[in-house]
Amino acid sequence: MFLHFMYNQVIISNMKTWDRAIHSIYANLLDSVQADLGLPASGSIVKSVSKGRDYFQHRISYSGMPISLPVEQSRAHTEGWENRRQQVATLIAAGANVPDRQTVKTFELLDALGCFTFQKAILVGSHAFNAIGNNLGVTWDAGFETKDIDLGRMIKVSTLPSHKTTDILLKAGFRAIPQLNRKHSPTNFIHKNGMKIDFLTPMIGKPDSEPALLHGTDIYAEPIRFLDYLIKDPQQAVILTRHGILVSVPQSARYALHKCLIFQYRRDDVKRQKDLLQAEVLLMVLEDTMPHLIKAAWDDLKWQDKAMVGISTFKDKTLKDRLIAIFES
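End of the sequence shown sits at 490 in the working numbering; the numbers just go up one at a time, nothing left out.
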């Protein structure tokens, strides 16, 4: 426990708040990727002509595997890439939260498949935590890296037609992880490079482990308790890939309070500790800068007693009292 405490203190003490100029660059990058919603953010656009008609292909590669995806002419351009590349480079040099190279390539693959735009997936997990940090203008210390990309979505949302995601993931070298119940469709995909993609959806009603087919896709997702609270009214953020990718992530206060819930259901002590640490550092930042976000997220939380269990374990013992004052305001 003492080692965990010391680790937590190092993480918290090494948080870095961005200066106004760097946060302004990030805000401009966010504006740029929002303006280019649905346009390619990596690879190349190739034009071909058949029977007098123009056809466009969005070509990317993943771990040496070439992948071509059809793209509409209205989305077949890459203007703005150079400016965005420079903005990303500046943010990385300033110490922003950035994924490693292999994770960048995986985000670019998912973006090309329309997961974040047409399929309306919401990024959850540690990559969302890092993206939330960038939105807040805070760089977390090392310790939150992961090879897992977790994507959550309601079963039924209005989506545009999308590529066959499962087929493309398999073509890119991912393999589906079989379920313990072989009658259930897989919801997780893993690559030999270590990357793992998990598809999740809220568990509504009675506990049910059977994967659910996401409307408008060929993807099955694992039902997860409390996920509906987490992904309600998401915000947009930028993943710092080569040209930046627009994603949806949970509201910062919801993310933190959700971590206070789910740590109690973890079997892995390391993940439990990670949940609580992310919750604590995020609530510390919000309590100091935007306490109204905490209040709004708390008022919408049905399981406040469960969340208090997590808050009671925080290493900063005065933080609990400050949070209670916000909850009761």
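Virtual Cβ for every residue (Gly too), placed ideally from N, Cα, C. Since the structure is predicted, the reported quantities are computational estimates derived from the model, not experimental observations.
- One thing to note: Leu-388 has its Cβ no nearer than 8 Å to the Cβ of Thr-348.
- Using a C-beta cut-off of 8 Å, the segment 248-259 makes contact with the segment 386-402, since at least three inter-stretch Cβ pairs fall below that distance.
- Going by beta carbons, Trp-301 and Val-442 fall inside the 8 Å limit.
- Remark: C-beta atoms of Phe-488 and Lys-467 do not approach each other more closely than 8 Å.
- Contact annotation: Arg-314 and Ile-283 have beta-carbon atoms nearer than 8 Å.
- Membership of Gly-471 in the alpha helix (DSSP H) is indicated by the continuous run 465-472.
- In the structure shown, Gln-263 adopts helical secondary structure according to DSSP, grouped into three states.
- Counting other Cβ atoms within 10 Å of its Cβ, Glu-233 stays below 16 and is therefore classed as exposed.
- Burial check for Ala-382: the Cβ neighbour count within 10 Å reaches 16 or more, so the residue is buried.
- In the DSSP annotation of this structure, Lys-353 is not part of any alpha helix (DSSP H), being labelled neither H nor E.
- For Ser-211, the uninterrupted beta strand (DSSP E) segment begins and ends at 205-211.
- Judged by DSSP secondary structure, Lys-357 falls outside any alpha helix (DSSP H) and instead within the beta strand (DSSP E) spanning 357-363.
- A straight line joining the alpha-carbon of Asp-429 with that of Gly-355 spans about 19 Å.
- Under the criterion of beta carbons closer than 8 Å, Met-226 and Lys-332 qualify as touching, at roughly 7 Å.
- Separation of the CB atoms of Ala-257 and Asn-296 is rounded to 11 Å, and the pair is thereby denied contact status at 8 Å.
- The closest CA to that of Gly-471, considering only Arg-433, Ser-490, Leu-447, Gly-275, is found on Arg-433.
- For Pro-452, the enclosing alpha helix (DSSP H) covers residues 452-460.
- With 16 or more other Cβ atoms inside 10 Å of its own Cβ, Glu-448 counts as buried.
- In the three-state DSSP reduction, Thr-378 falls in the coil class, being neither helix nor strand.
- By the neighbour-count criterion, in which 16 or more other beta carbons inside 10 Å mark a residue as buried, Leu-341 falls on the exposed side.
- Using a 10 angstroms sphere on the CB of Thr-450, the tally of other CB atoms stays under 16, which defines it as exposed.
- CA-to-CA, the gap between Gly-275 and Trp-179 works out to about 31 Å.
- With respect to Leu-422, Val-285 sits apart: the two C-beta atoms are not nearer than 8 Å.
- CA-CA distance, Val-249 to Pro-411, rounds to 22 Å.
- Annotation: Phe-475 to Lys-367 spans about 31 Å, alpha carbon to alpha carbon.
- For Asn-189, the closest C-alpha among the options Thr-239, Asn-244, Ser-203, His-238 is that of Asn-244.
- Within the same chain, and ignoring the five residues on either side of Ala-486 in sequence, no residue has its Cβ closer than 6 Å to its Cβ.
- Taking 8 Å as the cut-off, the beta carbon of Gly-199 is found closer than this to the beta carbon of Thr-278.
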